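A.B. asks: Once you've had a glance at the structure underneath, I'll fire off some questions.
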Amino acid sequence: MQDTVASRTEPRLNPVLFSPLPDAPHRDHPLPQAACSDHQFITLLNAYRDSGGLAPAQEVVALLRRHIECGPAMLTRLIVSKEVICFGWQSALWLPLFQFNPVDMSLQTGLSPVLTELSPHLDAWQVANWFAQPNSWLGGASATPARMLAIDPAAVLSAARALGRTN
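So, in structure tokens, the structure goes:
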């Protein structure tokens, strides 16, 4: 996997950067939206570094094959059914790795109900952004949903529900 060199400062994500572009595909389309800039992608790449990083779908398929001997059909099913976070950038699909258990590549406990709460309100890029930003419901300036999912999935679900109540 290619690595991008970035500054060592804590990333500051701006929600405006992740709003859909005017010509972006409709949010209900089954595949993740691909409307984003290079700057948005680099910002998200930096934000996910300490929670496992981002990987292109081809790399995730290779990791899945190594651990549970499944092919691209399984990952496609997970993406289309919105069981995983996946977004498009430069004609490739990208997935945050925090959502997979690094030992066996199973899905992190608690991910599914959180995605169920978020998907009616946010598109693919916005969901990826939500998981990467510190969340006041989780406490602390470094408490992102991506980091906290493995530690306290109930708190992450509460934060997602709070977002649903405000939209």
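Per our numbering, residue 53 is the first one in the sequence shown, and the count goes up by one each step.
Yeah, the Cβ is synthetic: ideal placement off N, Cα and C, and Gly gets one too.
Computed from a prediction, not measured in an experiment: that's the story for all the values here.
(1) With H, G and I counted as helix, E and B as strand and the rest as coil, what does DSSP make of Gly140?
(2) Using only CA atoms, which one of Leu96, Ala195, Val166 lies nearest to Ala214?
(3) Would you identify the three-state DSSP class for Leu163, choosing helix, strand or coil?
(4) Could you tell me the distance, in whole angstroms, from the CA atom of Asp75 to the CA atom of Gln178?
(5) What does DSSP give as the partner residue(s) for Ala206 in the beta ladder?
(6) Mapping DSSP to helix, strand and coil, what is Ala214?
(7) Report yes or no: do three or more beta-carbon pairs, one from the segment 187-194 and one from the segment 147-156, lie closer than 8 Å?
(8) Straight-line CA distance for Glu111 to Val136?
(9) Just to confirm, are Ala198 and Pro148 a CB contact at a threshold of 9 Å?
(10) Return yes when the Cβ of Ser89 is within less than 9 Å of the Cβ of Ala184, no when it is not.
(11) By Cβ distance, which residues of its chain are closer than 6 Å to Glu62, with the 5 residues on each side in sequence left out?
(12) In the DSSP assignment, the alpha helix (DSSP H) including Leu106 goes from what residue to what residue?
(13) Apart from the five residues just before and just after Gln160, which ones in its own chain have a Cβ nearer than 8 Å to its Cβ?
(14) Counting C-beta neighbours from all protein chains within 10 Å, is the total for Thr95 16 or more, i.e. buried, or is it exposed?
(15) What would DSSP say about Pro124, mapped onto helix, strand or coil?
(16) Identify, in the order they occur along the chain, each residue of the same chain with its Cβ nearer than 6 Å to the Cβ of Cys138, setting aside the five sequence neighbours on each side.
(17) How is the alpha helix (DSSP H) around Leu201 delimited, first residue to last?
(18) For the alpha helix (DSSP H) holding Asp90, just list the boundary residues, first then last.
C.D. replies: Here's the rundown:
(1) strand
(2) Val166
(3) helix
(4) The predicted model places Asp75 with a pLDDT of 36, which falls under 50 and marks its position as unreliable, so this point remains unresolved.
(5) DSSP output for Ala206 lists no bridge partner at all.
(6) Helix.
(7) No, the segment 187-194 does not touch the segment 147-156.
(8) 15 Å
(9) yes
(10) no
(11) Model confidence at Glu62 stands at a pLDDT of 32, short of 50, so the residue's coordinates are unreliable; what they give is reported in the following sentence. If we look at Glu62 and ignore the five residues flanking it on each side, it has no Cβ neighbours.
(12) Unbroken run through Leu106 is the beta strand (DSSP E), 106-108; no alpha helix (DSSP H).
(13) If you ignore the 5 residues before and after Gln160, its C-beta comes within less than 8 Å of the C-beta of Phe150, Gln151, Phe152, Asn153, Leu201, Ala202, Pro205, all in its own chain and listed in chain order.
(14) buried
(15) helix
(16) Pro84, Ile131, Leu145, Leu147
(17) Run containing Leu201: none; DSSP gives neither H nor E here.
(18) 90-100
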